[in-house]
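**Student:**
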Amino acid sequence: MKIYLYGIREDEKEYLRQWDTAHPDVEIDYTHEIFTEETAELAEGSDGVVMVQTQPYSRAALKKLHDFGISKISVRNVGLDGFDFQDLRDFDFSLTYVPVYSPNAIAEHTTSLILRLLRRVPEFDKKFANADFRWFPTIGEEIHGKTVGIIGTGHIGSVVARIMAAFGAKVIAYDIAPNPALENLGIYVDTLDELLEQSDIITIHTPLAKKDIHMIDADAFAKMKDGVIFINCARGGLVDTDALIKALNSGKVGGAALDVLESENDVFQKKFDKIEDVKDPQFQALINRDNVIITPHTAFYTTTAVHNMIFDSLNDNQRMLEGKAPKYPVDISVE
Numbered sequence: 008m009k010i011y012l013y014g015i016r017e018d019e020k021e022y023l024r025q026w027d028t029a030h031p032d033v034e035i036d037y038t039h040e041i042f043t044e045e046t047a048e049l050a051e052g053s054d055g056v057v058m059v060q061t062q063p064y065s066r067a068a069l070k071k072l073h074d075f076g077i078s079k080i081s082v083r084n085v086g087l088d089g090f091d092f093q094d095l096r097d098f099d100f101s102l103t104y105v106p107v108y109s110p111n112a113i114a115e116h117t118t119s120l121i122l123r124l125l126r127r128v129p130e131f132d133k134k135f136a137n138a139d140f141r142w143f144p145t146i147g148e149e150i151h152g153k154t155v156g157i158i159g160t161g162h163i164g165s166v167v168a169r170i171m172a173a174f175g176a177k178v179i180a181y182d183i184a185p186n187p188a189l190e191n192l193g194i195y196v197d198t199l200d201e202l203l204e205q206s207d208i209i210t211i212h213t214p215l216a217k218k219d220i221h222m223i224d225a226d227a228f229a230k231m232k233d234g235v236i237f238i239n240c241a242r243g244g245l246v247d248t249d250a251l252i253k254a255l256n257s258g259k260v261g262g263a264a265l266d267v268l269e270s271e272n273d274v275f276q277k278k279f280d281k282i283e284d285v286k287d288p289q290f291q292a293l294i295n296r297d298n299v300i301i302t303p304h305t306a307f308y309t310t311t312a313v314h315n316m317i318f319d320s321l322n323d324n325q326r327m328l329e330g331k332a333p334k335y336p337v338d339i340s341v342e
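My numbering applies: residue 8 is where the sequence shown begins, and numbers increase by one.
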């Protein structure tokens, strides 16, 4: 049995070594390259593949796997928006993912971003860099007493809800499928509009389906309170970035923290000589603002999460190859 892995990073190698040592009956091989039509050739002779990337999984590349007789794919992350499920159905693939690699990591990162914006940490950092240690006028605010609106209350959103409640915030939430573990708390509102209108802080924790592209658009921003704090640690495509920039310009959004961007593939996981060399106009319109924080899709990035991404994806790929039911299957019959 042989499993081939794509897009292996340096931080994953130790956990890959640990899994390999514990499974001497499975041969593994890998590349640092992401999965493309060209790199698909590397998996020839393998039985299953494990991948992770934010770039799309092309039909031509998937067809090559199919032609090699490979039908078991595992992704070591939660995001599935890079796949066209019709391609997976056409080539008779089975797919697994890792839905719960570390909700705490992303929830804690979300909390840190909220705190940094409310306490105006980026502004203090700039003042310190200029040897300005005066307090005024950089006065902050508290989470306690604020209304925090959480869009999406799955594994991550539910942890955020509990953290915000512990801070003394009034937590409200919207989800098309309410979490039974939270329903007895009485935090759910009936519509997304209610959440947008009532919240002082809004954080989004939903997957990105085609129907949800630009869920937060100009109309959504218009319904929010003036000066709202907006956090996105989910998927860049959920937010109309141009509409966000306009809302920041007008003061409708008082501060934004983004761990994901619509155009992040052109920016994240790359090294530039200077910030001006980043050619993405949306990034440039955001990065130099005192009330905007951007992190490079690292909300998940902890040792716990990386371990779970490697182990859970490989375990499920092995289960499928052995004819067993995987722990985290994806229903590719539903778009």
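Note that beta-carbon positions come from the ideal geometry of N, C-alpha and C, so glycine has one too.
#1: Which word fits residue 334, buried or exposed, when buried means at least 16 other C-beta atoms lie within 10 angstroms of its C-beta?
#2: Would you kindly check if the distance between the Cβ of residue 250 and the Cβ of residue 216 is under 8 Å?
#3: Quick test of the definition: if touching needs 3 or more C-beta pairs under 8 Å, does the region 288 to 302 touch the region 77 to 94?
#4: Would a C-beta distance cut-off of 8 Å place residue 339 and residue 123 closer than the cut-off?
#5: Extract the residue ranges of the beta strand (DSSP E) inside the region 187 to 238, only unbroken runs of 3 or more that lie entirely within it.
#6: Assign residue 341 to buried or exposed, taking buried as 16 or more other Cβ atoms, counted over all protein chains shown, within 10 Å of its Cβ.
#7: Candidates 134, 59, 146 and 74: which alpha carbon is nearest residue 346's?
#8: Going straight from the alpha carbon of residue 44 to that of residue 66, what length do you get?
#9: Which one or two residues does DSSP pair with residue 336 in a beta bridge?
#10: Can you give the Cα-Cα distance for residue 32 and residue 293, rounded to whole angstroms?
#11: What's the call for residue 325, buried or exposed, on a 16-neighbour Cβ count within 10 Å?
#12: I need the DSSP call for residue 9, collapsed to helix, strand or coil.
#13: Can you tell me which of 128, 77, 157 and 144 puts its alpha carbon nearest to the alpha carbon of residue 114?
#14: Considering only residues of the same chain and omitting the five flanking positions on each side of residue 98, which have a CB-CB separation below 7 Å?
#15: Do three or more CB pairs link the region 229 to 240 to the region 200 to 211 at distances below 8 Å?
#16: What's the call for residue 77, buried or exposed, on a 16-neighbour Cβ count within 10 Å?
#17: Quick check on the burial criterion: 16 or more other C-beta atoms within 10 angstroms. Buried or exposed for residue 261?
#18: Counting along the chain, where does the beta strand (DSSP E) carrying residue 265 start and finish?
#19: Locate the beta strand (DSSP E) running through residue 82, then write down its first and last residues.
#20: Does the beta-carbon of residue 191 have 16 or more other beta-carbons within 10 angstroms, so that it is buried, or is it exposed?
#21: Could you check how far apart the C-beta atoms of residue 321 and residue 57 are, in whole angstroms? I think they sit under 8 Å.
#22: Excluding five sequence neighbours on each side, which residues of the same chain lie with their C-beta closer than 7 Å to the C-beta of residue 109?
#23: What would DSSP say about residue 176, mapped onto helix, strand or coil?
#24: Under the assumption that residue 163 contacts residue 212 (Cβ atoms under 8 Å), give the Cβ distance between them as a whole number of angstroms.
#25: For the beta strand (DSSP E) holding residue 154, just list the boundary residues, first then last.
#26: Among the candidates 305, 272 and 318, whose CA atom is the shortest distance from the CA of residue 266?
**Tutor:** So, to answer that:
#1: Taking the first residue of the sequence shown as position 1, residue 334 is located at position 327. Result: exposed.
#2: Residue mapping note: residue 216 aligns to position 209 of the sequence shown, counting from 1. Residue mapping note: residue 250 aligns to position 243 of the sequence shown, counting from 1. Going by beta carbons, residue 216 and residue 250 fall outside the 8 Å limit.
#3: no
#4: As a working mapping, residue 339 is identified with position 332 in the sequence shown. As a working mapping, residue 123 is identified with position 116 in the sequence shown. No, the Cβ-Cβ distance between residue 339 and residue 123 is not below 8 Å.
#5: 208 to 211
#6: One-based indexing of the sequence shown puts residue 341 at position 334. With fewer than 16 Cβ atoms within 10 Å of its Cβ, residue 341 is classed as exposed.
#7: What the structure shows of the chain is the stretch from 8 to 342, and residue 346 is not part of that stretch, so it cannot be assessed.
#8: Taking the first residue of the sequence shown as position 1, residue 44 is located at position 37. Taking the first residue of the sequence shown as position 1, residue 66 is located at position 59. Rounded to the nearest angstrom, the two C-alpha atoms are 8 Å apart.
#9: The residue given as residue 336 occupies position 329 in the sequence shown. Bridge partners of residue 336: 103.
#10: Residue numbering aside, residue 32 sits at position 25 when the sequence shown is read from its first letter. Residue numbering aside, residue 293 sits at position 286 when the sequence shown is read from its first letter. Rounded to whole angstroms, residue 32 and residue 293 show a C-alpha spacing of 50 Å.
#11: As a working note, residue 325 is residue 318 in the sequence shown. The residue is buried, with at least 16 neighbouring Cβ atoms inside 10 Å.
#12: Along the sequence shown, read from residue 1 onward, the residue named residue 9 stands at position 2. In this structure, residue 9 counts as strand in the three-state DSSP scheme.
#13: Against the sequence shown, residue 114 aligns to sequence position 107. Ranking the options by Cα distance to residue 114, first place goes to 157.
#14: Translated into the one-based positions of the sequence shown, residue 98 becomes position 91. Cβ within range, chain order: 69, 70 and 73.
#15: yes
#16: Position 70 of the sequence shown holds residue 77. In the assembly as shown, residue 77 is a buried residue. Its beta-carbon has 16 or more other beta-carbons within 10 Å.
#17: As a first step, residue 261 must be located in the sequence shown, where it is residue number 254. Residue 261 should be labelled buried.
#18: For the purposes of this step, residue 265 is identified with residue 258 of the sequence shown, where counting begins at 1. 260 to 265 is the extent of the beta strand (DSSP E) around residue 265.
#19: The sequence position of residue 82 within the sequence shown is 75, counting from 1. It spans 79 to 82 - the beta strand (DSSP E) in which residue 82 sits, taken as one unbroken run.
#20: Working through the sequence shown from its first residue, we reach residue 191 at position 184. With fewer than 16 other Cβ atoms within 10 Å, it is exposed.
#21: If you number the sequence shown from 1, residue 321 lands on position 314. If you number the sequence shown from 1, residue 57 lands on position 50. With a Cβ gap of about 6 Å, residue 321 and residue 57 count as contacting.
#22: Looking up residue 109 in the sequence shown gives position 102. Once the five neighbours on either side are set aside, the close Cβ partners of residue 109 are 307, 309, 311, 312 and 315.
#23: Here residue 176 refers to the residue found at position 169 when the sequence shown is read from its first residue. Three-state DSSP puts residue 176 in coil, outside helix and strand.
#24: The residue you call residue 163 lines up with position 156 of the sequence shown. The residue you call residue 212 lines up with position 205 of the sequence shown. Contact flag correct, Cβ pair sits at about 5 Å.
#25: On the sequence shown, residue 154 is found 147 positions in, with the first residue counted as 1. 154 to 158 is the extent of the beta strand (DSSP E) around residue 154.
#26: By one-based count along the sequence shown, residue 266 stands at place 259. Selected option, being the one with the closest Cα: 305.
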